[in-house]
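If you're matching positions, the sequence shown starts at 943 in our numbering and goes up one per residue. Cβ atoms here follow ideal geometry from the backbone N, Cα and C, with glycine treated the same way. Structure first, commentary second.
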Amino acid sequence: MQLPLLLAGPVLRRVDAGLVAVQVMLSEPATVRLTVWEGRVAFDTTNPPFASSGDAPDPNAPTPHPGEATVRIGEQLHLGLVTARLPPASGKVFQPDRLYSYNVTVTGAQNRTDLAELGLLGPHTVSGVEVGPLGYADRMLPSFALPPTTLDDLRLAYGSCRRPLYDDGDALAWMDEYLNERVDDPRARIHQLFLGGDQIYADDVDPIMMLRVVELGVELIGTAGGVPVERVKVGQVLRRPPTSTPTDADPTAAYTAETPQETKTAGDLPAGPPHFPIHDGRKGPTVDGRLGLTTVSGQLTSIDGKNHLISLGEFAATYVLVWSPACWGEEVPGATTRGGTAVRWLDTLGADEDVVLPTHVPPERVPQHLYASAAALAERAAKEAKKTDEVRAEEAESERRSRLRSHRVHREFLLGLGRVQRVLANVPTYMMIDDHDVTDDIFLNPMWRHRVLGAALGQVILTNGMIAYALFQDWGNDPRRYDPVTTPSHPELGGQLPGDLLDQAARLFPASTPGPDVDAFAALGRMFGHNLDNPLLPDGRFGAVDAPMTWHFTVDGPKHVVVALDNRTRRSYAAEIGPPGNVSTEALVDQIPRPPLPAGREVLVVIAPLQVIGPPVIDEVVARAIYRIFDLATAGDLTDPDSLAGDRRMPGTNPDALETWAFDAVTFEHLLARLAEHQRVVVLSGDVHNAASNVMSYWRGAQQRPARIAQFTSSGFKNVMPVYLRALDRSAMLLQELLRARLGVERLGWTRPDSDLVLLPRDRTEADLVATTRAKLLRSPVLLATHGWLDDNEDGVEPDPGLTSRLNPAKPPDWRWRVTPLLDDRADVDRPAPIRATPLDDAQIEAQLADPATAFVAMQAVAGRHQAALGRMRNTRQMMFRSNFGICRFESGPDGEVTAVGEVHTSAVDPETQLPVLGPYMVHRASLGPVDETPPDQLRESVLRRVPIPEPGP
């Protein structure tokens, strides 16, 4: 298709008192001007502009880089991040509690246009999708509001995990409805939006979407003589003579390995099909496709999906496609119905129809491991031969239904993209990396890093993914950081500055020349630290890689400070393999500020893609067993002596094992100590594909008034799992029952070991303790739970303190903490209609049950209530397992107490009206203090305390 000028955008990025940044993705080189007005105005306003990117820059600060010019990444990919800045000498600042509007003017070689002339400010149609005005009313410009002067008015939106192929609604599109209802009120609308990771799923792209991704990826970077200019380096290229034809039994036999000189002469393989084909989702017969390439040639461990992004063009295309409908086109490239008719994205296909995907035609040159080995194919053929015709027919039917479902899901996703585009244009948006933005399991452990970055294809995928993350996500978080750049007059700057990243990216693909440029690609890899291994430390741990580029950032408002943690590229490790830590103690020094916060700021907000304080029953009971269960289930694959895959002999790699900070206790405690210094902290997270909330009280020394850390998790925008947890939620309800019990976790900490930290029952010694507890008493720091201790008292007898385990009052803990899960305590009447239970008059029911004449009527009423509940949403007072987004707000009490409120919004159909209802289906409240609370001081034997059952009333 002919690409539009505006591929995606505008995306409103960083907004603070001195800067407004807007991001655009264009198909042509241009200069881009940003103009900002006070108030909510139309595009033809006669009001004078308040600020512009063309205003004189601050002479005391680095010159904005690259200013109003776009950065050329490919033939039809030119990125602009334009900023309107207010130098201190101007005497102006962008004020809270008021609205601002903006326009973007694009001047290319042939024309000049703006948002109005592009047709974005009125109802319009893009790729067949009807889209509303970008400014929420005809002719109105997009607008925004800065964080307000009153903490109670602040609205922070957050979420993560937006997977197009997941069969549920897109909560980022639902956010458009929330914003539309408040767009005129600068105090009520969303002030900051934090996308907490997995903005794309690079390792799990559905075949139907992949058809457009690979096509668009080539269009963006360009072609020469009809061949993609982007080339992909692999470890070994295979070539077949023109007279040789691959067979299904052993396609690799038709190929022979090229020598390094032959590959150098012929060049690396062109990006995209046919050299890097799409796996179409079928179970047969010969093409392992990208999964074989990425797990063997690339040494990656993700097996979530059959299609992994590889080229920079594919990464860029995916960002463009998930943020805007502009480049989808109307037809699914190469896909047809059973009758041969082209399939359109917005077609409503019948239940007996099919989506026929293009087949792979073996090219002359292919990467090694594109095809399965002869032995593997023989094993598959043997299994296939044992199947009956009925089983084969059932499998074929299942695959057909899967393709229809995929088309429907992507149709629905595309229909919501106009609303996503509007949200991103009207809310200051910040983004933080998580694993799927590049690949699942990224930097899982030191062995993973060494293997992947030691493989040519692994290096290509990780570097391309990080280049795309820097350009599409990180750049807009803090544009000032990208201003400094190495110049010929200052070579001592070393070419490792963020601004140098933009310049190196622009060198990757010179016009009509195969690339990427070797030197520029290597320089970018060094900036990401891809030439480095994790150093082995004297204590056996592995240190973090200290790369020139860092990804954490800070942004604030009049009453709060936000810090965003990078918990993927600065990880700590207790061992070479096994579950990872998340941020090294050294990196935390850079990422979390020391107190006090700047004057007037009341709360520290932390964006942590991976939740820091999980539900205690999950972190303490489920998570510690799950990754071992997964290892047991895949033990054969992990220990196969013939395996060449990246996960060979590497246990603890399954991403569904619920990565948690608690697995690296040393780093976890260091993080908590730094957070607790700020007294009032809110952590906003995603990643885990469910929504839940917890609050931690943290005491240092003899403190009686703890620091309070609220954890609000909202995940995902469009992804819900793990399956085993959702099954418990929907069927057995065991997980919800455990959560409803409010099982908390308590921890006691001492800086170093000492004798008699805990006094044991009479005639007992440490030899009577379980081995893990004895080991904990010898480690630094000493970290002990309050359960699992010896208690020799008999049940039903007045307890003797001398027969219990107890803290030594002479050696009290240096710190203590307690985690309490939060529940939605609202009355049913205050909750959205689709989740309300049918009201019952309890007193009337009790009276009717007491009278045999009316008992049956009462039982009918109760049964009716249960029957009605089956058609409604259930079980969302503790955790939510459906697409959602979070809103964090605050309430201040007259005594100075501040309460953080976490709202989890989703959409559900009201059984009464059959209409979707968007609303806060789960609301959790956490006091941030000041509150007085008794610290943990009792040791007990069991996790659960026995509670007497009350006698029934008269």
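Cα separation between residue 1455 and residue 1170? Across the structure, residue 1455 and residue 1170 are spaced so that their CA atoms are roughly 10 Å apart.
Quick check on residue 1341: does DSSP put it in helix, strand or coil? Under the three-state reduction of DSSP, residue 1341 is assigned to helix.
In terms of residue numbering, what span does the alpha helix (DSSP H) encompassing residue 1399 cover? DSSP places residue 1399 in the uninterrupted alpha helix (DSSP H) bounded by 1398 to 1411.
Taking just the CA atoms, how far does residue 1231 sit from residue 1036? The C-alpha of residue 1036 lies about 52 Å from the C-alpha of residue 1231.
What separation, rounded to the nearest whole angstrom, lies between the Cα atoms of residue 1623 and residue 1113? So the two alpha carbons sit approximately 26 Å from each other.
Considering only residues of the same chain and omitting the five flanking positions on each side of residue 961, which have a CB-CB separation below 6 Å? Here residue 961 has 1025, 1027 as same chain residues with Cβ atoms under 6 Å from its own Cβ, once five neighbours each way along the sequence are excluded.
Residue 1282 to residue 1267 span [Cα, whole Å]: Each residue's alpha carbon lies about 26 Å from the other.
May I ask you to verify whether the segment 1399 to 1414 touches the segment 1245 to 1262, counting CB pairs closer than 8 Å and requiring at least 3? A contact exists between the segment 1399 to 1414 and the segment 1245 to 1262.
Could you give the first and the last residue of the continuous alpha helix (DSSP H) run that contains residue 1466? Annotation: the continuous alpha helix (DSSP H) that includes residue 1466 extends over 1460 to 1469.
Counting pairs of beta carbons, one from the segment 1486 to 1500 and one from the segment 1508 to 1515, are three or more of them closer than 8 Å? As far as the Cβ criterion goes, the segment 1486 to 1500 touches the segment 1508 to 1515, which means the pair count is three or higher.
Between the alpha carbons of residue 1881 and residue 1746, how many angstroms are there, rounded? Rounded to whole angstroms, residue 1881 to residue 1746 spans 8 Å at the Cα level.
Out of curiosity, what's the CA-to-CA distance linking residue 1897 and residue 963? What is shown of the chain runs 943 to 1896, which leaves residue 1897 out entirely.
Can you give the Cα-Cα distance for residue 1835 and residue 1842, rounded to whole angstroms? When the Cα atoms are used, residue 1835 and residue 1842 turn out to be separated by approximately 11 Å.
Confirm, please, whether the CB-CB distance from residue 972 to residue 1022 is below 9 Å. Pairing residue 1022 with residue 972 gives a Cβ-Cβ distance under 9 Å.
Terminal residues of the continuous beta strand (DSSP E) containing residue 1255? Residue 1255 -> not in any beta strand (DSSP E); alpha helix (DSSP H) instead, spanning 1254 to 1265.
Excluding five sequence neighbours on each side, which residues of the same chain lie with their C-beta closer than 7 Å to the C-beta of residue 1234? Excluding sequence neighbours, residue 1234 sits near 1311, 1312, 1314.
CA-CA distance, residue 1651 and residue 1093? When rounded, the distance between both Cα atoms is 17 Å.
According to the neighbour-count rule (16 or more other Cβ atoms, all chains shown, within 10 Å of its Cβ), is residue 989 buried or exposed? Classification of residue 989: exposed, given that the 10 Å Cβ count is below 16.
Rounded C-alpha distance that separates residue 1648 from residue 1621: For residue 1648 and residue 1621, the distance between alpha carbons rounds to 7 Å.
To the nearest angstrom, report how far apart residue 1044 and residue 1050 are at their CA atoms. Straight across, the Cα-Cα distance linking residue 1044 with residue 1050 is about 20 Å.
Alpha helix (DSSP H) segment containing residue 1392, residue limits: Start and end: 1388 to 1395.
Quick one: residues in its chain with C-beta nearer than 6 Å to the C-beta of residue 978, no 5 flanking neighbours on either side, listed in chain order? Cβ-Cβ distances below 6 Å link residue 978 to 962, 992, 993, 1026, 1042, 1044 in the same chain, with the five nearest sequence neighbours on each side left out; the list follows chain order.
What's the gap between the Cα of residue 1089 and the Cα of residue 1124? Rounded to the nearest angstrom, the gap between the Cα atoms of residue 1089 and residue 1124 is 14 Å.
Heavy atom of the ligand SAM less than 8 Å from the Cβ of residue 1539, yes or no? For the ligand SAM, the structure offers nothing, since it holds no ligand at all.
Are three or more beta carbon pairs between the segment 1134 to 1147 and the segment 1090 to 1110 nearer than 8 Å? Touching, yes, given that three or more Cβ pairs across the two stretches are closer than 8 Å.
Can you give me the C-alpha to C-alpha distance between residue 1384 and residue 1609, rounded to a whole angstrom? Looking at the two C-alpha atoms, the distance is approximately 19 Å.
Output the boundary residues of the alpha helix (DSSP H) element that contains residue 1444. It spans 1440 to 1448 - the alpha helix (DSSP H) in which residue 1444 sits, taken as one unbroken run.
Using DSSP with H/G/I as helix, E/B as strand and the rest coil, what is residue 1836? Coil at residue 1836, not helix or strand.
Nearest residue (CA-CA) to residue 1007, options 1337, 1462, 1429: Measuring from the Cα of residue 1007, the nearest candidate turns out to be 1429.
Return the chain-ordered ranges of every alpha helix (DSSP H) run that is complete within the segment 1484 to 1549 and spans a minimum of 4 residues. Fully enclosed alpha helix (DSSP H) runs of 4 or longer: 1527 to 1533.
Buried or exposed: which applies to residue 1405, given that a residue is buried once 16 or more other Cβ atoms fall within 10 Å of its Cβ? Taking every protein chain shown into account, the CB of residue 1405 has 16 or more other CB atoms within 10 angstroms, so this residue is buried.
Cα-Cα separation between residue 1420 and residue 1259, rounded to whole angstroms: Roughly 23 Å separates the two Cα atoms.
The beta strand (DSSP E) that contains residue 1822, what's its start and end? Neither: residue 1822 is in no beta strand (DSSP E) and is coded neither H nor E.
Between the C-alpha atoms of residue 1600 and residue 1627, what's the straight-line distance to the nearest angstrom? Only weak support is given to the placement of residue 1600: the predicted model assigns it a pLDDT of 46, under 50, and the value that follows is read from those uncertain coordinates. Cα to Cα, residue 1600 sits roughly 14 Å from residue 1627.
Residue 1333 beta carbon less than 9 Å from that of residue 1216: Taking 9 Å as the Cβ cut-off, residue 1216 and residue 1333 do not qualify as a contacting pair.
Give the C-beta separation of residue 1756 and residue 1643 to the nearest angstrom, bearing in mind that I take them to be a contact with Cβ-Cβ under 8 Å. The Cβ separation is near 7 Å, so the contact holds.
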